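Input: a single structure, listed below in structure tokens.
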Amino acid sequence: MRQNNQLGVYVLAIFILTLVTLISTPLHHYLDLANIVMIFLLVVFLNAHKLGRGPAIMSAVLAVALFDFFFVPPRFSFAVHDLQYLVTFLVMLCVGLVTAHLTTRLQKKTEDAVNKEHDTNRLYMLARELAGATTLGQIFEVVKKYLLSLGCQSALHLVDNQGNFPTLRYEVLMHDLALSALRQSSTLNITQLSNNDSQGFVVPIKSINQSFGVLIVQESAAIPDDYQVNVRKLEAVSDLATITMERLHYVDLAQQTQLEATSERLRSSILSALSHDLRTPLTGLVGMSDSLVMLTETKEIKIHSAATAIRDQARTMNNLLSNLLDMARLQVGKVKLKKEWQLFEDVIGASIQLLKPALVGHPITVQLDPDLPLINFDAVLIERVLCNLLENAAKYSPAEGVIEIRGFVNAETACISIRDHGKGFSEHNRDLLFQMFSRGDTESRLPGVGMGLAICKAIVEAHQGTISAETSNDGGAVVTIALPLGNPPEFKPELEI
Amino acid sequence: MSVIKNVIVIEDEPQIRSFVKEALENEGWIVFEAENGKRGLIEAGCRKPDLLIVDLGLPDMDGVHIIKEFRNWSAVPVLILSARTEETTKITALDAGADDYLTKPFGIGELLARVRAVTRRRLQAADAPAKVIFGNVEIDLPQHSVTRHGQAVHLTPIEYRLLVMLITNPGKILSQSRLMKEVWGPNHAESSHYLRIYMSHLRQKLENDPAQPEHLLTEIGVGYRFES
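Line by line, the protein sequences are chains R and L. With our numbering applied, the first sequence corresponds to residues 1 to 497, in that order. With our numbering applied, the second sequence corresponds to residues 1001 to 1228, in that order.
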């Protein structure tokens, strides 16, 4: 097609020159040779302008030949009598060639400018369409359409959290190429991999702080020279795609954060509403039964003991409720620990103080190693753990059974162990112990739903600690919590003057 | 009780109000009730109360707001009732000027003990005692001397300041940040582990069993309290 066209242009040039020669021949009697030269020059110029470099050069040479043959005496011969015509020929040839060169160069430049504008327009359109894209699918559609207009097939491969390309699982070579393109942040030319001569590229889609994936581009159709794919164009596309993907990513992130915050808020407001609504009637129950207990102290024994029972049951209910709500908080995940560097002494003392009514009749000994450092923990939650453990110890101990609390350092952990003198744990259900709703004896006469230890476990594990239970040699249960030591802050003792 | 005293109970739950009222009346208080914050503030303004009992979760306004408002014109003790287990709320309320709190549910015994503690404190504050005695410890404030079992106990200046801060506010919970500010100055609010270590030193020197203190008590997540 192109070949024929080229030939046609040459034929046309020859035809025009022949025509001009034919027209000029009769005029030869009326015009000076100098004017005929002008006519030929004009034609060479026009040919150069319209037909391109090759025909222009040919026109210049042919024009000189025709002029010599038909007009310069002796006519119809290439011989020249008057040597000054050689100057004419030289000037004609030079003018012809220079015009040919200049006009074609100008044309080429214009063409380039038009092409560039076209390219810019397309890129601009691409950018505009990408700006409107709201899903990954849309981004890819737009990019694909653009690359198709450049005569390229393209495929987008996204990188997953582990830094792999799941969509390239079965193409080991391509997978490696994609990875190295991402790592180097530069486009790889994979032309030599294709069967035919078509060009291929692996273009990374990557921003400064995030990798999204790669675009694999393969030239497929013959395309006009003007629209050839090149690395710069591909990189422009990848930059645009990266910006869009980053935008989508942050929109996603913002939405997700907002969603999480909303559900977190909802969750905590439900929990605190629940806590308030359930505790209010319990407060009434405890308070009113307590005043009944006080009123009937000496008189009606029956009512007195019933009121005492109601009060104690309501208090137990409140403990269960606290455990349940804490568990709900812990189980939905993100409990924010209010960790501070502190001593075991404070939290142990406070727990004993808090549980005083339940611990009546159980002597307590506390033995803390003198070298216990400051430990980083959430005091309120660890107090909850200790209260649960102490309550259990009191519940499963015989009357007057001593409860021993020890604080010590073991390897990289600081430990608190609580030991009672009850029956200890039976071997077969020790593993079940820390699971929710499990108890040593399934039908025990002692109250509690077996949530206490599960909460202890959840809290201790939230501190990256461990909790373990065993039966000591003399039969009592020992529960030990171990919290990581960490690096306590500096403490400078005051200078005494 | 020889003098008749007024107490205002601001609480939206009628059952809770009623048993609190009954318990306090048995102790000789004249009880005025308010079921919301607005009413409570009006009562507080015209009854000249000797004690204010405020629920933190009122339907119309935040309990902390009432305390702040009330503290603008009165130094009378304030006791908080709170169903919330959130320590930060308690700290806010204490820093707003409340003297003590009771976590729901509470028994009559606890209520009356707290009421006695906060009102006794008020009587004491009127004429600051020269000597404070608790357990087997005696502190002579003008002399700056501390003895235990009659033996002189050596305290460092910080320990002494901390102890004085606690014993001059008997029964009252002092929040960590307040203690840090009063004893160490405003620049040390971040290093609260100093407070814990000095409290531990004080217990070692003054308590019979430092791990089960009877006088220098920890309110976990909130602060410290001295009980004589």
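For each residue, glycine too, the CB sits at the ideal point set by N, CA and C. Keep in mind the model is a prediction, meaning the values are calculated, not measured.
Tell me whether R/Glu412 is buried or exposed, calling it buried when 16 or more other Cβ atoms sit within 10 Å of its Cβ.
-> exposed
Compare the C-beta of R/Phe408 with all C-beta atoms of chain L and state if any pair is closer than 8 Å.
-> no
Where does R/Ala71 sit, in a helix, a strand or coil, going by DSSP?
-> Sequence inspection shows Phe at residue 71 of chain R; the Ala mentioned does not correspond to that position. In the structure shown, R/Phe71 sits in coil (DSSP, three-state: anything other than H, G, I, E or B).
Contact with chain L by R/Gly546, beta-carbon distance below 8 Å = Nothing in the structure corresponds to residue 546 of chain R, since chain R is present only between 1 and 497.
At least one CB of chain R closer than 8 Å to the CB of L/Gly1057: is that the case?
-> yes
If we count the other Cβ atoms within 10 Å of its Cβ and call it buried at 16 or more, is R/Glu490 buried or exposed?
-> exposed
R/Ala469 vs R/Ala477 beta-carbon contact at 8 Å = yes
So, is R/Pro447 buried or exposed, given that buried needs 16 or more other C-beta atoms within 10 angstroms?
-> For R/Pro447, the predicted structure reports a pLDDT of 49, less than 50, and the residue's modelled location is therefore unreliable. The matter cannot be settled from this model.
Output, in chain order, the set of chain L residues within a Cβ distance shorter than 9 Å of R/Ile491.
-> The sequence given here places Phe at residue 491 of chain R; Ile does not occur at that position. Contact note: R/Phe491 reaches chain L through Ser1191, His1193, Tyr1194, Ile1197, using a C-beta cutoff of 9 Å and chain order.
Taking Cβ-Cβ distances shorter than 9 Å, what residues in chain L pair up with R/Arg311?
-> Gly1107
Could you check where the beta strand (DSSP E) with L/Gly1223 kicks off and where it finishes?
-> 1223 to 1226
Determine the DSSP secondary structure at L/Asp1050, reduced to helix, strand or coil.
-> Three-state result, L/Asp1050: coil.
Among R/Pro26, R/Asn376, R/Ala63, which residue has its Cα nearest to the Cα of R/Leu42?
-> Among R/Pro26, R/Asn376, R/Ala63, the Cα nearest to that of R/Leu42 belongs to R/Ala63.
Simplified DSSP assignment, three categories, for L/Glu1087 = helix
So, R/Ser185 versus R/Thr242, is the Cβ gap smaller than 8 Å?
-> no
DSSP on L/Phe1106, reduced to helix/strand/coil?
-> Three-state DSSP puts L/Phe1106 in coil, outside helix and strand.
What does L/Leu1217 touch in chain R if you count any residue whose Cβ is under 9 Å from its own?
-> Gly349, Ala350, Gln353
Per DSSP, which residues does L/Glu1138 bridge with? Please list them.
-> L/Ile1133, L/Thr1147
What whole-angstrom Cβ distance do R/Thr21 and R/Phe70 have, given they're in contact under 8 Å?
-> 6 Å
The beta strand (DSSP E) spanning L/Ser1082 covers which residue range?
-> 1078 to 1082
Compare the C-beta of R/Asp290 with all C-beta atoms of chain L and state if any pair is closer than 8 Å.
-> yes
Determine, using beta-carbon pairs with one atom in the segment 1070 to 1078 of chain L and one in the segment 1018 to 1029 of chain L, whether at least three such pairs fall under 8 Å.
-> Too few Cβ pairs lie closer than 8 Å, so no.
Is any beta-carbon of chain L found at less than 8 Å from that of R/Ile364?
-> yes
Given that L/Ile1080 touches chain R, what residues does it touch there, using C-beta distances under 8 Å?
-> Correct list: empty, because the minimum Cβ distance to chain R is about 14 Å.
Pick out whichever of L/His1149, L/Ser1177, L/Leu1174 has its Cα sitting closest to the Cα of L/Lys1205.
-> Of the candidates L/His1149, L/Ser1177, L/Leu1174, the one whose C-alpha sits nearest the C-alpha of L/Lys1205 is L/His1149.
Would you please verify whether the beta carbon of L/Asp1100 is less than 8 Å from any beta carbon of chain R?
-> no
Starting from R/Arg329, follow the beta strand (DSSP E) in both directions and report where the run begins and ends.
-> Note, R/Arg329: premise wrong, no beta strand (DSSP E); alpha helix (DSSP H) at 301 to 331.
Own chain, CB closer than 7 Å to L/Asp1055, minus 5 neighbours either side, in chain order = Ile1010, Glu1011, Asp1012, Gly1063, Leu1081
Closer than 8 Å to chain L by CB, R/Ser472 | no
Name, please, each residue of chain R whose Cβ falls closer than 7 Å to the Cβ of L/Ser1200.
-> Leu343, Glu345
Look up R/Ser154 in the DSSP assignment and say whether it is helix, strand or coil.
-> Three-state DSSP puts R/Ser154 in a strand.
Is the segment 109 to 129 of chain R close to the segment 80 to 98 of chain R, with three or more CB pairs under 8 Å?
-> no
Host alpha helix (DSSP H) of R/Ala414 (start-end) | Counting along the chain, no alpha helix (DSSP H) covers R/Ala414; the unbroken beta strand (DSSP E) around it starts and ends at 413 to 419.
Near-chain R residues of the segment 1134 to 1161 of chain L (beta-carbon distance less than 8 Å), N- to C-terminal order | Thr1156, Pro1157, Ile1158
At 8 Å on the CB atoms, spell out the chain R contacts of L/Ala1083, in chain order.
-> Ser275, His276, Arg279, Thr280, Thr283
Exposed or buried, which one is L/Gly1107 when buried takes at least 16 other CB atoms within 10 Å?
-> Buried is the label assigned to L/Gly1107, since at least 16 other Cβ atoms lie within 10 Å of its Cβ.
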